[in-house]
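Notes to accompany the following structure.
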Amino acid sequence: MASRHSSTKSKAWEGRGAMCCVYNCSNRTYTKENELSQHHFFCIPSRVLKSQPLRNRWCSLIKRQDGRDGFNLKSTTVICDKHFTAHDISISLVSKK
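First residue of the sequence shown? That's 1 in UniProt numbering, and the numbers climb one at a time after it.
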């Protein structure tokens, strides 16, 4: 049984930035030490959110079911760079896509 202190600590940890939505990935925008993570996070493209077939495909790839177990694919959902290949990412002077 976990102590009350560790439970409080884990709840505080839950609020530290966005978390990768891929099933079983725990990468966050901030580390436990409250420092910016070395991972880059990508938002779900709006065209995916607007198309049910694309939405279903992305959910399949991240091993999630939209609308189940408290998960909803939305504009604030992020995926970390760990789940992309170098070929998937294009880098511009303004941002990574």
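Quick reminder that beta carbons are idealized off the backbone N, C-alpha and C, glycines included.
Item to check | Separation of Cys-59 from Arg-47, as counted between CA atoms | outcome: Cα-Cα distance, rounded: 14 Å.
Checklist entry - How is Val-48 classed by DSSP in three states: helix, strand or coil? => result In this structure, Val-48 counts as helix in the three-state DSSP scheme.
Checklist entry - Excluding the five sequence neighbours on either side, which residues of its own chain have a C-beta within less than 6 Å of the C-beta of Asp-81, listed in chain order? => result If we look at Asp-81 and ignore the five residues flanking it on each side, its Cβ neighbours are His-39, His-40.
Checklist entry - Using 8 Å as the threshold, is the stretch 19-30 in touch with the stretch 54-69, meaning 3 or more CB pairs across them? => result Yes: the two stretches touch, three or more of their Cβ pairs being nearer than 8 Å.
Checklist entry - Who are the Cβ neighbours of Phe-84 in its own chain at under 8 Å, not counting the five residues just before and after it? => result In chain order, Phe-42 place their CB closer than 8 Å to the CB of Phe-84, counting only its own chain and leaving out the 5 sequence neighbours on each side.
Checklist entry - Any heavy atom of the ligand ADP within a distance shorter than 7 Å of the CB on His-39? => result Absence of the ligand ADP is noted for the structure shown, with no ligands found whatsoever.
Checklist entry - Does DSSP put Arg-28 in a helix, a strand or coil? => result Arg-28: strand per DSSP, three-state reduction.
Next on the checklist: Can you tell me whether Cys-80 is helix, strand or coil according to DSSP?
Outcome noted: The DSSP-derived three-state label of Cys-80 is strand.
Item to check | Straight-line gap, Leu-73 to Leu-36 (C-alpha atoms, nearest Å) | outcome: Those two C-alpha atoms are separated by around 24 Å.
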